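In what follows, a structure is listed as structure tokens, so that the remarks can point back to it.
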Amino acid sequence: MSATPAQFRRVAETARPRVAITIDGAPASALAGDTVLTALLVNGRRVRHSDFGDGPRAGFCLMGACQDCWVWTEAGERLRACTTYVADGLAIRTTPEAP
Amino acid sequence: MSAAPPPVIVGAGPAGVRAASVLVAAGLRPIVIDEAPASGGQIYRRAPAGFMRGAAVYGSEAAKATAIHRTFDSLVDRIDYRPQTTVWNLRPGRLYTVRDGVCDELTFGDIVLATGAMDRIVPIPGWTIPGVYALGGAQISLKAQGCVVGARTAFVGTGPLLWLVAYQYLKAGGTVAAVVDTTPFATKARQLFGLLRGGKTFINGLRYVATLRLKGVRITEGAIPVTIVGSTHVTALRWREASGREGSVDCDAVAIGFGLKPESQLADLAGVAMRWNDGQRVWEAARDRDGRTAVEGVYLAGDGSAIAGADAAEIDGALAAYALLADRRVTVPEAAVAELRTRRARLTRFREALDAAFPFPAALAAATADDTLVCRCEAVNAGELRAAARDLDAREVNRAKAFSRVGMGRCQGRVCGPVAVEILAAALGMPTQALGALRAQPPIKPLPMTAAVRLAAE
Numbered sequence: 424m425s426a427t428p429a430q431f432r433r434v435a436e437t438a439r440p441r442v443a444i445t446i447d448g449a450p451a452s453a454l455a456g457d458t459v460l461t462a463l464l465v466n467g468r469r470v471r472h473s474d475f476g477d478g479p480r481a482g483f484c485l486m487g488a489c490q491d492c493w494v495w496t497e498a499g500e501r502l503r504a505c506t507t508y509v510a511d512g513l514a515i516r517t518t519p520e521a522p
Numbered sequence: 017m018s019a020a021p022p023p024v025i026v027g028a029g030p031a032g033v034r035a036a037s038v039l040v041a042a043g044l045r046p047i048v049i050d051e052a053p054a055s056g057g058q059i060y061r062r063a064p065a066g067f068m069r070g071a072a073v074y075g076s077e078a079a080k081a082t083a084i085h086r087t088f089d090s091l092v093d094r095i096d097y098r099p100q101t102t103v104w105n106l107r108p109g110r111l112y113t114v115r116d117g118v119c120d121e122l123t124f125g126d127i128v129l130a131t132g133a134m135d136r137i138v139p140i141p142g143w144t145i146p147g148v149y150a151l152g153g154a155q156i157s158l159k160a161q162g163c164v165v166g167a168r169t170a171f172v173g174t175g176p177l178l179w180l181v182a183y184q185y186l187k188a189g190g191t192v193a194a195v196v197d198t199t200p201f202a203t204k205a206r207q208l209f210g211l212l213r214g215g216k217t218f219i220n221g222l223r224y225v226a227t228l229r230l231k232g233v234r235i236t237e238g239a240i241p242v243t244i245v246g247s248t249h250v251t252a253l254r255w256r257e258a259s260g261r262e263g264s265v266d267c268d269a270v271a272i273g274f275g276l277k278p279e280s281q282l283a284d285l286a287g288v289a290m291r292w293n294d295g296q297r298v299w300e301a302a303r304d305r306d307g308r309t310a311v312e313g314v315y316l317a318g319d320g321s322a323i324a325g326a327d328a329a330e331i332d333g334a335l336a337a338y339a340l341l342a343d344r345r346v347t348v349p350e351a352a353v354a355e356l357r358t359r360r361a362r363l364t365r366f367r368e369a370l371d372a373a374f375p376f377p378a379a380l381a382a383a384t385a386d387d388t389l390v391c392r393c394e395a396v397n398a399g400e401l402r403a404a405a406r407d408l409d410a411r412e413v414n415r416a417k418a419f420s421r422v423g424m425g426r427c428q429g430r431v432c433g434p435v436a437v438e439i440l441a442a443a444l445g446m447p448t449q450a451l452g453a454l455r456a457q458p459p460i461k462p463l464p465m466t467a468a469v470r471l472a473a474e
């Protein structure tokens with residue numbers, strides 16, 4: 424995933440254990456205690472697409488209020504990325520259904 | 017009194033924690049419901065397990081954060097604590113919650129709403145491009161995730177938080193591309209005497225500004241944000257200086273914030289009247305100095321009812337709890353209450369000076385360009401909102417919402433509300449407060465379908 428530029432940069436707390444996740448099927452790395460939003464944005468610049476076709480979104484309020492960071496699990500469960508924490512093996516989809 | 021159900025506190029930030037502390041001291045066992053996995057609220061939000069920096073992340077407020085955390089930890093065995101639980105509806109005497117997708121209900125007699133605040137935004141063209149974050153969110157990312165929101169972050173907006181977060185980014189090793197404050201320096205300088213009431217808080221603020229200047233961060237005051245540039249992600253921020261000259265800086269993130277606004281949805285659902293705060297230009301739930309409302313058994317504390325900061329929230333929490341106890345005919349320590357009121361009044365005067373020193377740029381909000389998105393949930397732009405106001409004669413904000421869908425998306429107008437009323441007021445030539453407040457609708461936060469289905473099946 425290092426080829427993809429990241430939006431977020433870690434500046435502290437980097438000694439946490441690694442957690443293996445997938446983002447749209449591709450393996451990715453996060454740290455224990457990362458929110459799903461952090462995990463997505465240290466691995467790229469996008470969280471989801473606007474429901475109304477006006478382009479990519481990458482979260483906004485980061486405190487569970489704006490609801491602009493919804494993603495899905497492979498199982499179809501909807502997550503609010505900024506208030507959900509990663510777990511080993513978490514499979515994230517940035518679109519509601521498999522393409 | 018023994019027959020009364022336990023009091024409920026919604027929110028475990030500084031206000032909720034202090035309220036719980038007072039109620040426990042009086043021998044009650046309050047139910048404390050909080051959306052977060054740990055207490056502290058947003059301001060004193062605790063890092064997840066495994067983080068090592070401890071209280072240092074709270075900077076000058078470390079001692080207060082530690083005190084709040086310790087107080088709450090000492091109470092946990094004596095309260096009914098329900099973390100990670102969202103209150104999604106409130107009716108008289110009844111509360112509706114969801115946790116891990118499972119809905120629950122509970123009956124309440126007395127309730128303290130300490131629901132906190134969120135950032136207030138003025139939309140700048142390009143503000144939905146990846147890399148643009150609410151200012152408070154940018155701070156949370158640093159405090160609770162150890163991340164800065166970009167390699168080069170520009171800060172735009174106004175208010176003390178703008179300078180604080182820029183300073184914190186710099187101190188954490190982030191790169192601050194620029195600080196663009198819409199308030200001219202002279203406006204702040206005029207409030208000097210009022211700001212001095214803030215004592216240490218004001219001195220700290222001066223220190224943040226001085227440090228940013230000393231480190232050579234590009235700073236501009238009295239500027240008008242023009243556009244955030246980028247397609248797949250942010251590449252630059254442009255503004256117009258007070259002199260009229262164009263300014264621009266390359267950046268890959270923008271933190272944007274124009275003060276805070278109360279999360280007053282539950283108070284609204286409880287039937288508490290909303291009142292217009294002209295100094296802050298926001299609607300807030302009406303309460304007296306002790307947190308009592310006109311609705312029996314409903315008390316308000318902290319930024320969730322009136323933006324005044326964490327120190328005021330602590331006092332509010334204690335005062336609301338004392339008011340609740342007094343209304344239950346429990347004897348309260350009058351001298352302590354009087355002292356809290358005095359300290360709170362001092363903070364209110366400081367807050368009024370801050371509000372005047374960093375005024376919400378209502379004219380800038382009202383002038384949002386027709387093709388700029390106002391509602392990021394449903395991609396409604398300012399032109400569509402103006403058309404609804406003029407063509408459909410929407411002279412009340414809830415009517416305008418029905419016509420334009422601004423405020424109807426899944427954030428329920430939390431983000432667009434304060435801007436929408438300024439745009440409508442200017443378009444209609446009405447005073448902003450005459451448009452009324454956006455009404456809260458349950459569920460105040462989206463419920464997972466699975467929870468709703470389970471609820472319907474019951």
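Chains as they are written, first to last, in our numbering: chain F, 424 to 522; chain G, 17 to 474.
All C-beta atoms, glycine included, are put in the ideal place defined by N, C-alpha and C.
As the structure is a computational prediction, the values presented were derived from the model and not from experiment.
**Asked** Whose C-beta lies closer than 8 angstroms to the C-beta of CYS505 of chain F among residues of the same chain, with five residues either side of it excluded?
**Response** THR458, VAL459, LEU460, GLY482, CYS484, LEU485, MET486, GLY487 and CYS492
**Prompt:** Would THR458 of chain F count as contacting chain G if we go by Cβ distances under 8 angstroms?
**Reply:** yes
**Prompt:** Going by Cα to Cα distance, which pick from G:THR102, G:ASP197, G:LEU380 and G:ASP120 is closest to LEU471 of chain G?
**Reply:** G:ASP120
**Message:** What would DSSP say about MET68 of chain G, mapped onto helix, strand or coil?
**Reply:** coil
**Message:** DSSP three-state label for ILE84 of chain G, please.
**Reply:** helix
**Prompt:** Apart from the five residues just before and just after ARG359 of chain G, which ones in its own chain have a Cβ nearer than 8 angstroms to its Cβ?
**Reply:** Cβ neighbours of ARG359 of chain G beyond the five flanking positions: ILE331.
**Prompt:** From GLY250 of chain G to ILE47 of chain G, what does the alpha carbon distance come to, in whole angstroms?
**Reply:** Rather than Gly, the amino acid found at residue 250 of chain G in this sequence is Val. The alpha-carbon atoms of VAL250 of chain G and ILE47 of chain G are separated by roughly 44 angstroms.
**Message:** Using a Cβ-Cβ distance cut-off of 8 angstroms, determine whether ALA395 of chain G contacts chain F.
**Reply:** ALA395 of chain G has a beta carbon lying within less than 8 angstroms of a beta carbon in chain F.
**Contacting residues, own chain, Cβ-Cβ under 6 angstroms from PRO146 of chain G (five flanking each side not counted)** = HIS249
**Asked** Based on the DSSP secondary-structure assignment, which residues constitute the bridge partners of ARG168 of chain G?
**Response** G:THR191
**Message:** Taking only three categories from DSSP, how would you classify ARG430 of chain G?
**Reply:** coil
**Request:** Since I believe GLY318 of chain G is in contact with GLY333 of chain G (beta carbons under 8 angstroms), could you give me their beta-carbon distance rounded to a whole number of angstroms?
**Result:** 6 angstroms
**Prompt:** So which residues on chain G does LEU485 of chain F lean against when the C-beta distance must stay under 7 angstroms?
**Reply:** Within chain G, the residues near LEU485 of chain F are TYR149, ALA150, GLY153, ILE156 and SER157.
**Request:** Compute the distance between the beta-carbons of ALA194 of chain G and ALA170 of chain G, then report whether it is under 8 angstroms.
**Result:** yes
**Prompt:** Beta-carbon separation of ARG402 of chain G and ASP386 of chain G under 8 angstroms?
**Reply:** Contact: yes.
**Message:** With a threshold of 8 angstroms between beta carbons, is ARG69 of chain G in contact with chain F?
**Reply:** yes
**Message:** Can you list, in chain order, the residues of its chain with a C-beta nearer than 8 angstroms to that of ARG523 of chain F? Leave out the 5 residues immediately preceding and following it.
**Reply:** Absent from the model: residue 523 of chain F. The displayed extent of chain F is 424 to 522, so no value can be given.
**Item:** Alpha-carbon to alpha-carbon, ALA429 of chain F and PRO450 of chain F
**Value:** 15 angstroms
**Prompt:** Secondary structure at ASN460 of chain G, three-state DSSP: helix, strand or coil?
**Reply:** The question names Asn, but residue 460 of chain G is Ile in the sequence shown. Reduced to three states, the DSSP call for ILE460 of chain G is coil.
**Asked** Could you give the distance in angstroms between the alpha-carbon of ASN293 of chain G and the alpha-carbon of TRP299 of chain G?
**Response** 6 angstroms
**Request:** State the Cα-Cα distance for the pair GLU438 of chain G and ARG430 of chain G, rounded to the nearest angstrom.
**Result:** 14 angstroms
**Request:** Give me the Cα-Cα distance between VAL40 of chain G and ARG94 of chain G, rounded to the nearest whole angstrom.
**Result:** For VAL40 of chain G and ARG94 of chain G, the gap between their C-alpha atoms comes out near 7 angstroms.
**Asked** Comparing the C-beta of GLY190 of chain G with each C-beta of chain A, is any distance below 8 angstroms?
**Response** Among the protein chains of the structure shown, namely F and G, there is no chain A.
**Message:** Tell me the residue span of the beta strand (DSSP E) that contains LYS277 of chain G.
**Reply:** 276 to 278
**Message:** So for ASP266 of chain G, helix, strand or coil by DSSP?
**Reply:** Strand.
**Asked** Since ALA328 of chain G and LEU363 of chain G are thought to touch, with beta carbons under 8 angstroms apart, how far apart are those beta carbons, to the nearest angstrom?
**Response** 4 angstroms
**Request:** Given a cut-off of 8 angstroms, decide if VAL434 of chain F and GLY162 of chain G are closer than it, judged by their beta-carbon atoms.
**Result:** For GLY162 of chain G and VAL434 of chain F, yes; Cβs fall inside 8 angstroms.
**Request:** Starting from GLY173 of chain G, follow its DSSP beta bridges and name the residues at the other end.
**Result:** G:ASP197 and G:GLY273
**Request:** Can you check DSSP and say which residues form a bridge with ASN293 of chain G?
**Result:** G:VAL298
**Request:** Tell me where the beta strand (DSSP E) around SER523 of chain F begins and ends.
**Result:** In the structure as shown, chain F begins at 424 and stops at 522. Residue 523 of chain F is therefore absent and cannot be evaluated.
**Request:** Output yes or no for whether 8 angstroms exceeds the beta carbon distance between CYS393 of chain G and GLY433 of chain G.
**Result:** No, they are not a contact pair.
**Message:** Could you check whether GLY467 of chain F and ARG439 of chain F sit closer than 8 angstroms to each other, using their CB atoms as the reference points?
**Reply:** no
**Asked** Can you tell me the Cα-Cα spacing of VAL413 of chain G and LEU454 of chain G, whole angstroms?
**Response** 6 angstroms
**Prompt:** Can you find at least 3 beta carbon pairs, one from the region 199 to 206 of chain G and one from the region 229 to 240 of chain G, that sit closer than 8 angstroms?
**Reply:** yes
**Item:** PRO519 of chain F: contacting residues in chain G (beta-carbon distance under 7 angstroms)
**Value:** Result: empty, since nearest Cβ-Cβ is about 12 angstroms, beyond 7 angstroms.
**Extent of the continuous alpha helix (DSSP H) run through LEU222 of chain G** = 216 to 230
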